[in-house]
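Asker: Before we start, here is the structure in question, set down as structure tokens.
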Amino acid sequence: MPWTNESQPTVLERVIAGVCYMTAGLAGLLYIVISGRSGQSPFFRFHFLQAIIVSIIGLLLSWAGGVLFTILGKLLGMVDAAAPGVGTQIAFWLGMTLDVVMKAGFLLLVYGMIFAFLGKYAEIPFISNLVRQQMR
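Numbering (the working numbering), first residue to last: 152 to 287.
Written as structure tokens, this is what we have:
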């Protein structure tokens, strides 16, 4: 683990860190405002920052997917006029792919939340490394 010499997080830190994942970090921000700067452990800060980054990436992917799906839907409508059924099938598979990506993002949030409740660090490739660099 990244910080092996630190003490175990308190129950309050575990709960707030876990709730950060479902509130896109807003619960953590409220905790920071109430407790002040001295109440932040590395465990809490790690999960707080990771929850914010995962939520922002999910939001950006959702917006980009919606725009892409709208644009491709219009183009596929033109394809469907030339070859009936082809555009509909492509739109269906694009929609299914977008749905799988969004569900995977939700599962990342649940994964982080469960690990926070357990008092462990949730390792998400690339994102956890980015969070550690920001904490230095």
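By construction, the Cβ of each residue, glycine as well, lies at the ideal position given by its N, Cα and C atoms.
Model, not experiment: these values are computed from the prediction.
(1) For the pair the segment 259 to 266 and the segment 197 to 217, tell me if three or more CB-CB distances fall below 8 Å.
(2) To which residues of the same chain is Met152 closer than 8 Å at the C-beta, ignoring the five residues directly before and after it?
(3) If you count every other CB in all the chains shown that lies within 10 Å of the CB of Ile167, and 16 or more means buried, which is it?
(4) Leaving out five residues on either side along the sequence, give the residues of the same chain with a beta carbon under 7 Å from the beta carbon of Leu245.
(5) Report back the beta-carbon spacing between Ile204 and Leu259 to the nearest angstrom; my notes put them in contact at under 8 Å.
(6) Within the continuous alpha helix (DSSP H) that includes Lys296, where are the two ends?
(7) Look at Glu164 and Ser186 and say whether their C-beta atoms are less than 7 Å apart.
(8) I need the straight-line Cα distance from Ser206 to Thr248, nearest angstrom please.
(9) Exposed or buried, Val170, counting other C-beta atoms within 10 Å across all chains shown (16 or more means buried)?
(10) Exposed or buried, which one is Pro160 when buried takes at least 16 other CB atoms within 10 Å?
(11) Under three-state DSSP, which class holds Arg290?
Answerer: Let me lay it out:
(1) Under the three-pair Cβ rule at 8 Å, the segment 259 to 266 counts as touching the segment 197 to 217.
(2) Confidence at Met152 is low in this model, with a pLDDT of 47, below 50, so the placement of that residue should be treated as unreliable; the coordinate-derived value is given next. The residues Lys271, Tyr272, in chain order, have a CB closer than 8 Å to that of Met152 in the same chain once the five nearest residues on each side in sequence are set aside.
(3) Looking at its Cβ environment, which holds 16 or more other Cβ atoms inside 10 Å, Ile167 is buried.
(4) If we look at Leu245 and ignore the five residues flanking it on each side, its Cβ neighbours are Phe220, Leu223.
(5) At roughly 10 Å, the Cβ-Cβ gap does not stay under 8 Å, so Ile204 and Leu259 are not in contact.
(6) Any answer about residue 296 is impossible in this case: the structure gives the chain only from 152 up to 287.
(7) No. Outside cutoff.
(8) The C-alpha of Thr248 is placed about 19 Å away from the C-alpha of Ser206.
(9) With 16 or more other Cβ atoms within 10 Å, it is buried.
(10) Pro160 should be labelled buried.
(11) Outside the shown range of the chain (152 to 287) lies residue 290, about which nothing can therefore be said.
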